[in-house]
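S.K.:
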Amino acid sequence: MDDRKIINFQNKLRTSKIGYWYQPVYHIVFARAEYRCEYCHFDLLSSLSAYHGFWNFDHILPRSRYTKIGGPQKYGYMQTGTNYANFALACVSCNGLKSDFDPGVGIVSKDSLDLDLETRKILIERSRNWLNDRRKVLLQDFQGVQRLAAEVFGNERFSDS
Ligand SMILES: [Zn+2]
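So for the sequence shown, this note's numbering puts the first residue at 3; every next one is plus one.
1. Scan the stretch 109-145 and note each continuous alpha helix (DSSP H) run of 4 residues or more that stays entirely inside, going in chain order.
2. Over what stretch of residues does the alpha helix (DSSP H) that includes N10 continue unbroken?
3. With L50 as the anchor, note down where its alpha helix (DSSP H) starts and where it stops.
4. Which residues mark the beginning and the end of the beta strand (DSSP E) in which C93 is found?
5. Counting Cβ pairs, one atom from each stretch, are 3 or more of them under 8 Å apart for the stretch 95-108 and the stretch 124-132?
6. Does the stretch 147-158 touch the stretch 108-121, meaning 3 or more C-beta pairs lie closer than 8 Å?
7. Where L15 and Y28 are concerned, what is the direct C-alpha to C-alpha distance, given to the nearest angstrom?
8. Quick check on G83: does DSSP put it in helix, strand or coil?
9. Give the C-beta separation of S114 and I71 to the nearest angstrom, bearing in mind that I take them to be a contact with Cβ-Cβ under 8 Å.
10. Less than 8 Å between C-beta atoms, sequence neighbours within five positions excluded: which residues of the same chain meet that for R128?
11. Give the C-beta separation of D116 and A90 to the nearest angstrom, bearing in mind that I take them to be a contact with Cβ-Cβ under 8 Å.
12. Would the C-beta of F59 count as close to ligand 1, meaning under 6 Å from any of its heavy atoms?
13. Got a sec? Which residues, its chain only, sit under 8 Å from S42 by beta carbon, not counting five neighbours each side?
14. Would you grab the beta carbon distance between L46 and R38 for me? Rounded to a whole angstrom, and I think it's under 8 Å.
15. At a threshold of 6 Å, does F44 count as lining ligand 1 (C-beta to nearest heavy atom)?
16. According to DSSP, is E153 part of a helix, a strand, or is it coil?
17. Could you pull out every residue in the same chain whose Cβ sits closer than 7 Å to the Cβ of K76, ignoring the five residues on either side in sequence?
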């Protein structure tokens, strides 16, 4: 996302007095990702629930292993200009599944202080591929639960009473 577009968007949020649920700095990370999960592209503007609860800031390189680049642990650090490069907007599902997966093995030094955008792209791509593989495994179990729920609960699940 073009930086000028992000700044323009932020200015419009401010002058229109909308988007106040989140502090402006959050919208920088949101806008950079165009309000989509950077891994699975889930649209965080698709519903109120998605916008209000179905996202996290993922540390692309896990804080536990990259102590210098790990990214701001506390929100306040973001305001001081600490890099946002290690932050990815992620849906709760991707963030939870990714956990402490390390996409930087072999390409990022544990002592790195910053991420360039090209490396960031590669790390996100690696994470996305890893998540896709994990989901293939989980899908079978999920479909088993779906089938069983349909068998046992049938249409009762869908009625209000
Ligand atoms: Zn996702």
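Just so it is clear, CB atoms sit at the ideal spot from N, CA and C, and this is done for glycine as well.
M.R.: Reading it off the structure:
1. none
2. D5 to S18
3. L50 to G55
4. F89 to C93
5. yes
6. no
7. 12 Å
8. Residue confidence for G83 is low, a pLDDT of 40 falling below 50, so the modelled location carries little weight; the figure read from the coordinates is stated next. Three-state result, G83: coil.
9. 5 Å
10. P105
11. That belief does not hold up - the Cβ atoms of D116 and A90 are roughly 15 Å apart, past 8 Å.
12. no
13. Checking the sequence, you will find Cys at residue 42 rather than Ser. Result list for C42: C93, S95, C96, R130 and L133, in chain order.
14. 6 Å
15. yes
16. helix
17. Bear in mind that a pLDDT of 38 at K76, under 50, signals an unreliable position, so the model cannot answer this.
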